[in-house]
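Trainee: Take a look at the following structure, please.
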Amino acid sequence: MQQALERIAVPTLALLASAIAFGLLLAVYARVDPLETFALMYQGAFGTWFSWQNTLTRAAPLILTALCTALPARLGFIVIGNEGALVVGGVAGAAAGIATSGASPLVAQLAMAVAAMVMGGLWIALAGALRQWRGVNETISSLLLTYIAIALMNHFVEGPLRDPSSLNKPSTWPIGDANMIGTIPGTDVHWGLVFGIVACLLAWVVLRFTTWGFAMQVIGGNPKTARMMGLDVGRYVLLACAAGGAAAGLAGMVEVAAVHGRANASLAVGYGFAGILVSFLARHHPLAIIPVAVLLGGIGASGGLLQRRLDLPDAAVVVLQGIIFVAILASETLYGRLLPRKREG
Amino acid sequence: MSDKFTIGRRGLLGGAAGAAGAAALGLAGAANAQKPLVVGFIYVGPRDDYGYNQAHAEAAAVLKKMPGVKVVEEEKVPETVAVEKSMESMINMDGATLLFPTSFGYFDPHMLKMAVKYPKIQFRHCGGLWTQGKHPMNTGSYFGYIDEAQYLSGIVAGATSKSGKLGFVAAKPIPQVLRNINAFTLGAQSVNPKVTTQVIFTGDWSLPVKEAEATNSMIAQGVDVVTCHVDSPKVVIETAERAGIFSSGYHCNQAKLAPKGYLTGAEWNWERIYVDMVNAMKAGQAPGNFVRGGLKDGYVRTSAYGPAAAPAGKEKADAAKLAILNGSLAIFKGPLKDNKGNTVIPAGTSYVATEPKLESMNYLVEGVVGATS
């Protein structure tokens, strides 16, 4: 009970502290009224139905990319190659969409999703395998793989998959309007949001209620013990990395099939990197990822309004994100100290 | 807290209805004098980048001074669903009725999607992609033939260079960029046929580290004038100035960054287009759907000559400018060979700026050192 309370209280305190710090910065450096700014941010993020849709649309890719860090983190691995997995997933998805453009939309969409998830999964599994069998630090290798992914994307988009009519913004051939996955009925939020929420629920169920999840907890706690217990650690590492990569790859497919209709350099705009932030803020808990992604989506959604009404630079919301990140990381030390423990005896 | 910041649900609906009403009224020629025309600008990078975005922001600043006009701006908006939301937010929350999403990648699918959703709002895009019959009538595009200004800059660069080696830092080998590289080189060759232009493609629009590396490596190879086509020329110009070589600007005026070595530069003059479009809206008309022009229309210009520009170059550039203005000089004319020896424009053929073949340029002319792929 106390633990549950702490899990809510500590992040709340951290967020409050961030808000105060950001407010002070606003008042001292930007010389704007902090309360007015927060009211405006609320308007831009959650104040109206339009704002909500804006926020949720921005949150959708972050939920999926956050899983790419969160799942390997359960085993004690810090993977930050989310952007790369998204990019290769997007390109593979577009390629599958082009290849199946004559088929029925459902077949094409499935092909795109499978191709994107397989490619994204393999991408991060590669970092996992390098760590497991070659001892290469997975944080560094997954980050470096991102640059390779972007270079590969540029190669395919400007070379073999290029639509020659995309003169000044090189792009692949379009997947065709019929194969787009569209928006959730009654909203203009695309289906990526639902995919993300389902993926988080699935991850939570697997981690919480299955022997796989239990094995992953054991490995995360102490890999040596896990090995002595006879667990095939390498297999779980690859599985967790592949599952995380598949989620980020799916985010790439959603970008192609719900937003752009083709793959191009707009895939690499930082959703993957923002996903790392989301995962850490959620302390790698699959269910916590959803509200955290919505919060960051909301901050992004309100950024435009701050620029237009208060003449603040775009960097203002980036500063807020940074403050929140530091505050949440620092608040880790509060666990177990915040509330008085019941003394035994 | 002031009133303008409290937008309740009802207020928003009222605002949206008001915006739609204002659009209808605006086009009916009965613009309400009390309600300003709200114009939205969206930039892909920072407003003060000494480059592509600043060129637009400087023109937006001119609009801000016009009576009855309110300008709202957003910077660093990526070419994703984010720009769709920025446009929608400007329409719904600020009552914008004329939008200028200025980055090339905003057009398809983002701006087109919004134009269908908000048929009463006018969208004008920088880049020249609009096609009659294919794209909605409440959208349009505008662009300038900046290769004309690049040609003039090339003349000054060619006349000023001592080594005869020019450098060009470019983002991607796409038609717009190749056209600039070629025009700059042809301008330089018109005063010194032996001039070569070393080109380095960095691969993307904003990669400051690679741009600095490219500039330094060209300086090491003996290049003594550099120019560029990336989003922000700041790094290239500053690196050149530090190394004591000459530079030629792009997008907007960078003379401040290189008081010694800045020769001239190819600049946009977007305010001509924006002021026209805003005046059209105020007069109750839709702004033009396909607006293009070069030096003659005043959409592009060259920076004032710097102290290092060779007098002969200035003279010849001024003469070439007159010839472009009176139509007697075509930049791209045959016989023209690419740098692989193929004839790309046969003898006797001469292209005017509007020639569609120039829009899909995929070669580098003879004298350019570099490859498109």
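In order, the protein sequence lines correspond to chains A and B. Just so you know, we're using my numbering here: the first sequence kicks off at 1 and counts up by one. Just so you know, we're using my numbering here: the second sequence kicks off at 1001 and counts up by one. Where a beta carbon is used, it is the ideal one built from N, C-alpha and C, also for glycine.
1. Counting pairs of beta carbons, one from the segment 1099–1109 of chain B and one from the segment 318–325 of chain A, are three or more of them closer than 8 Å?
2. Starting from leucine 86 of chain A, trace the alpha helix (DSSP H) in both directions and tell me its first and last residue.
3. Give the interface partners of asparagine 1092 of chain B over in chain A, defined as CB-CB distance under 7 Å, in chain order.
4. Using 8 Å as the limit for Cβ to Cβ distance, is alanine 1022 of chain B near chain A?
5. On the CB-based measure, 16 or more other CB atoms within 10 Å of its CB, does glycine 1026 of chain B come out buried or exposed?
6. With a 10 Å radius around its C-beta and 16 neighbouring C-beta atoms as the bar for buried, classify methionine 298 of chain A as buried or exposed.
7. Below 9 Å between beta carbons is the criterion; list the residues of the segment 1171–1200 of chain B that meet it against any residue of chain C, in chain order.
8. If phenylalanine 65 of chain A sits next to glycine 275 of chain A, beta carbons under 8 Å apart, how far is it from one beta carbon to the other, in whole angstroms?
9. Check for me: the alpha helix (DSSP H) holding valine 294 of chain A runs from which residue to which?
10. Curious, which full-length alpha helix (DSSP H) runs of at least 4 residues does the segment 1163–1220 of chain B contain?
11. Please report the distance separating the alpha-carbon of alanine 1258 of chain B from that of isoleucine 150 of chain A.
12. Whole angstroms is fine: what's the gap from phenylalanine 1168 of chain B's alpha carbon to proline 1233 of chain B's?
13. Does histidine 155 of chain A have its Cβ less than 8 Å from a Cβ in chain B?
14. Is the CB of lysine 1357 of chain B under 8 Å away from at least one CB in chain A?
15. Can you look up leucine 202 of chain A in the DSSP assignment and give me helix, strand or coil?
16. Identify, in the order they occur along the chain, each residue of the same chain with its Cβ nearer than 8 Å to the Cβ of valine 194 of chain A, setting aside the five sequence neighbours on each side.
17. Taking all protein chains shown into account, decide if arginine 235 of chain A is buried (16 or more other Cβ within 10 angstroms of its Cβ) or exposed.
18. Determine, using beta carbons only, whether glutamine 321 of chain A comes closer than 8 Å to chain B.
19. Straight-line CA distance for isoleucine 80 of chain A to tryptophan 133 of chain A?
20. Tell me, please, whether the segment 1300–1319 of chain B touches the segment 1260–1267 of chain B by the rule of three or more beta-carbon pairs shorter than 8 Å.
21. Note down, in chain order, all residues in the segment 1075–1106 of chain B with a beta-carbon under 9 Å from any beta-carbon belonging to chain A.
22. Mark tyrosine 1250 of chain B as exposed unless 16 or more other C-beta atoms lie within 10 angstroms of its C-beta, in which case mark it buried.
23. Helix or strand or just coil, what does DSSP make of valine 1072 of chain B?
24. Looking at the unbroken alpha helix (DSSP H) that takes in isoleucine 1091 of chain B, where does it start and where does it end?
25. Between serine 141 of chain A and chain B, is any beta-carbon pair separated by less than 8 Å?
26. Can you find the residues in the same chain that come closer than 8 Å, C-beta to C-beta, to alanine 1308 of chain B, ignoring five residues on each side of it along the sequence?
27. Are there 16 or more other CB atoms within 10 angstroms of the CB of serine 1350 of chain B, so buried, or fewer, so exposed?
28. Would the beta-carbon of alanine 127 of chain A fall within 8 Å of that of serine 279 of chain A?
29. Which first and last residues belong to the beta strand (DSSP E) in which tyrosine 1151 of chain B is found?
30. Determine whether the beta carbon atoms of alanine 116 of chain A and glycine 304 of chain A lie at a separation below 8 Å.
31. Out of curiosity, what's the CA-to-CA distance linking alanine 1330 of chain B and serine 266 of chain A?
Mentor: With the structure as the only source:
1. no
2. 82–99
3. Phe50
4. With a pLDDT of only 42 at alanine 1022 of chain B, under 50, the local geometry of the prediction cannot be trusted, and the value read off the model is given with reservation. No, its Cβ sits nowhere closer than 8 Å to a Cβ of chain A.
5. Residue confidence for glycine 1026 of chain B is low, a pLDDT of 42 falling below 50, so the modelled location carries little weight; the figure read from the coordinates is stated next. Glycine 1026 of chain B should be labelled buried.
6. For the sequence presented, residue 298 of chain A should be read as glycine rather than methionine. Glycine 298 of chain A should be labelled buried.
7. Any reference to chain C falls outside this structure, whose protein chains are A and B.
8. According to the sequence displayed, residue 65 of chain A carries threonine and not phenylalanine. Sure, about 3 Å apart at Cβ, within 8 Å.
9. 286–310
10. The qualifying runs are 1175–1191, 1208–1220.
11. 34 Å
12. 11 Å
13. By this cut-off, histidine 155 of chain A is not an interface position.
14. no
15. helix
16. Cβ neighbours of valine 194 of chain A beyond the five flanking positions: Ile184.
17. exposed
18. no
19. 19 Å
20. They touch, by the three-pair rule.
21. Glu1075, Lys1076, Val1077, Pro1078, Glu1079, Thr1080, Val1081, Ala1082, Glu1084, Lys1085, Ser1086, Glu1088, Ser1089, Met1090, Asn1092, Met1093, Asp1094, Phe1104, Gly1105
22. buried
23. The answer is strand: DSSP assigns valine 1072 of chain B an E or B state.
24. 1081–1094
25. no
26. Answer for alanine 1308 of chain B: Thr1160, Phe1246, Lys1260, Gly1261, Tyr1262, Leu1263, listed in chain order.
27. Serine 1350 of chain B counts as exposed, since fewer than 16 other C-beta atoms from the protein chains shown sit within 10 angstroms of its C-beta.
28. no
29. That residue, tyrosine 1151 of chain B, is in no beta strand (DSSP E); its alpha helix (DSSP H) goes 1147–1160.
30. no
31. 36 Å
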